[in-house]
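Once you know that position 6 of the sequence shown is 6 in full-length UniProt numbering, the rest is easy, because the numbers rise by one and skip nothing. Glycine residues also receive a C-beta, built at the ideal position from the N, C-alpha and C atoms. All values derive from a computational prediction rather than experimental measurement.
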Amino acid sequence: MKLELLHCHPPRGPAAQRPALLFVHGSYCGAWVWAEHFMPFFAHRGWSSHAVSLRGHGGSEGGFNYASMADYVADIRSAMDHIGGEVILVGHSMGGLLVQHCLTGDERVQGAVLLASVPPSGLMSSALHLSLFSPDVCLQFGLLQALGPTVVKGDVIRRAFFSDATPDDVLDRLLPLLQKESHRICVELLNPTRPRLPLGEHRPEILVMGGDRDVLVPASALRETATYFDAELSLLSGAPHGLMLDDCWWQPAAERILSWLESRF
1 MKLELLHCHP
11 PRGPAAQRPA
21 LLFVHGSYCG
31 AWVWAEHFMP
41 FFAHRGWSSH
51 AVSLRGHGGS
61 EGGFNYASMA
71 DYVADIRSAM
81 DHIGGEVILV
91 GHSMGGLLVQ
101 HCLTGDERVQ
111 GAVLLASVPP
121 SGLMSSALHL
131 SLFSPDVCLQ
141 FGLLQALGPT
151 VVKGDVIRRA
161 FFSDATPDDV
171 LDRLLPLLQK
181 ESHRICVELL
191 NPTRPRLPLG
201 EHRPEILVMG
211 GDRDVLVPAS
221 ALRETATYFD
231 AELSLLSGAP
241 HGLMLDDCWW
251 QPAAERILSW
261 LESRF
């Protein structure tokens, strides 16, 4: 099975002994979410950047309707095999939970950034919060899962992913790129197997990061993840879920990650 793997290398080549970045997308999208801003940003600052589309997403082969978390974790490890060497994993939303399951048993993983990540306990409490306080968003994601992006309302998806600063034309361009997600993973994410805690001398450095205006992954979920991994937490005041795509927030988020990376690697 061939997986889409996007690459963006520094103009002068990567810094010696610096791990590569491997970006892992969340539900309903693909590697393209990282190519908009994050990959060129980090490449121009000396970090080799790669982004994988999980099976059935973006330009990757394979069916995804019944894909499990274990299948998606296997896709990440396959991408790591292709890249070679040490990596820092950057996972968004569902991708953040997948990354959590890659933090043990592989010494290639030197660090992780969990960006607006699903917490170790899953999305049950977040789904309840969403259904109570943003039922229209909940409905639109149901339509996206059942019928695809052509039937969802742009203004509701904006509220789910973006701040008001993102122009309508950007939203109009990105919305058709969304896609359905694995039926199995949608159920599994509600109450997933807890990730193993990385212990000992090979424990990766971990940054948990997100926004307090995120309607999909609330701040309480970010705090849960940071506490679970005893990781650093960076909470961005006013930031939405789609940090890597939002016109107002992608650069502050990228700068914060860059500062963390350069202080540790």
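- The beta-carbon distance between Ser93 and Ser117, rounded to whole angstroms, is 7 Å. This is short enough to meet the 8 Å contact definition.
- Separation of Pro19 and Thr227 (C-alpha to C-alpha, rounded to the nearest whole angstrom) is 25 Å.
- One Cα belongs to Gly142, the other to Lys153, and the distance between them is close to 12 Å.
- Selection Arg184, Gly111, Gln179, Leu22 evaluated against His202 yields Gly111 as nearest (Cα-Cα).
- In the three-state DSSP reduction, Gly105 falls in the coil class, being neither helix nor strand.
- Residue burial annotation: Glu232 is exposed, with fewer than 16 other C-beta atoms found within 10 angstroms of its C-beta.
- Separation of the CB atoms of Pro149 and Leu189 is rounded to 20 Å, and the pair is thereby denied contact status at 8 Å.
- The segment 1-62 is shown to contain whole beta strand (DSSP E) runs of 3 or more residues at 5-8, 20-24, 49-52, in chain order.
- Nearest C-alpha to Leu22 among Trp260, Ala43, Ser263: Ala43.
- Listed in chain order, the beta strand (DSSP E) elements of length 3 or more contained wholly in the segment 108-156 are 109-115.
- At the C-beta level, Ala221 and Pro119 come within 7 Å of one another.
- Rounded to whole angstroms, the separation of the alpha carbons of Leu5 and Glu86 is 17 Å.
- Following the DSSP letters along the chain, one finds Gly210 inside the beta strand (DSSP E) bounded by residues 205-211.
- Taking C-beta separations shorter than 6 Å and ignoring five residues to either side along the sequence, the partners of His101 in its chain run Val73, Pro195, following chain order.
- Going by C-alpha positions, Arg213 is about 32 Å away from Leu199.
- Here DSSP, grouped into helix, strand and coil, assigns Glu262 to helix.
- Apart from the 5 residues on each side of it in sequence, Trp32 sits with its Cβ closer than 7 Å to the Cβ of Gly58, Leu177 in its chain, given in chain order.
- Between Val99 and Leu115, the C-beta spacing is not below 7 Å.
- One thing to note: Phe41 has its Cβ no nearer than 7 Å to the Cβ of Arg55.
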